[in-house]
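Using UniProt numbering, the letters of the sequence shown map in sequence onto residues 1 to 135. So the structure is just underneath, and the comments pick up after that.
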Amino acid sequence: MSGRIRVVVAKPGLDGHDRGAKVVARALRDAGMEVIYTGLHQTPEQVVETVLQEDADAVGLSVLSGAHMTLFAKVVALLNERDASDVVVFGGGIIPEEDLPRLAEIGVAKVFTPGAPTHEIVDWVRSNVAQPAGA
């Protein structure tokens, strides 16, 4: 085990815009984390399977399509069903401020909206995701 934080960055749903997800993935990687990017058009089931197969510490979900409530909730529910509730779920995208409290209630630890500086995302992940043993 490398001892580095492992983060899956995922694009669930039919949203075809992944520039922001790639920028975040690169920033996390450049900060020394292991990053697995799933690519576009992933189902929540595929995202969770990747998280489990990669033994990820966190998953960052990017949704720009407006389906964030459904997709984030499904990923959190599937993680819970698979005894992986210790995986930190965070997200980003076009998400109305009024949806943030509900996302927090369902288990999304943090949401970054467009324009969030990558250093803030990196710092948040470092502060809120447990360092694996050997780090």
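No residue lacks a Cβ here, since even glycine has one placed at the ideal position from N, Cα and C.
If you run the structure through DSSP and keep just helix, strand and coil, what is residue i?
i	result
Glu54	coil
Gln131	coil
Leu61	strand
Lys11	coil
Gly20	helix
Met1	Confidence at Met1 is low in this model, with a pLDDT of 47, below 50, so the placement of that residue is unreliable and no value is reported for it.
Val122	helix
Val48	helix
Does the beta-carbon of residue i have 16 or more other beta-carbons within 10 angstroms, so that it is buried, or is it exposed?
i	result
Gly16	exposed
Arg6	buried
Thr38	buried
Met1	Residue placement at Met1 is poorly supported in this model, since its pLDDT is 47, which falls under 50; the coordinates still yield a value, given next. By the 10 Å Cβ count, Met1 comes out exposed.
Lys110	buried
Asp55	exposed
Val13	It should be pointed out that residue 13 corresponds to Gly in this sequence rather than to Val. Counting Cβ neighbours within 10 Å, Gly13 comes out buried, since at least 16 surround it.
Look up residue i in the DSSP assignment and give the residues it is bridged to.
i	result
Glu97	DSSP lists no partner for Glu97.
Since residue i is in the beta strand (DSSP E), which residue starts that stretch and which ends it?
i	result
Arg108	Here residue 108 turns out to be Val, not Arg, going by the sequence shown. Val108 -> no beta strand (DSSP E), and no H or E assigned at all.
Val75	Segment 68-81 is the alpha helix (DSSP H) holding Val75; no beta strand (DSSP E) there.
Val35	34-37
Does residue i come within less than 8 Å of chain D when only Cβ atoms are used?
i	result
Asp86	Reference to chain D is not applicable here, since this structure consists of a single protein chain.
Cβ contact (3+ pairs, closer than 8 Å) linking the stretch 101-114 and the stretch 56-76: yes
Inter-stretch contact at 8 Å, needing at least 3 Cβ pairs: the stretch 53-61 / the stretch 84-96: yes
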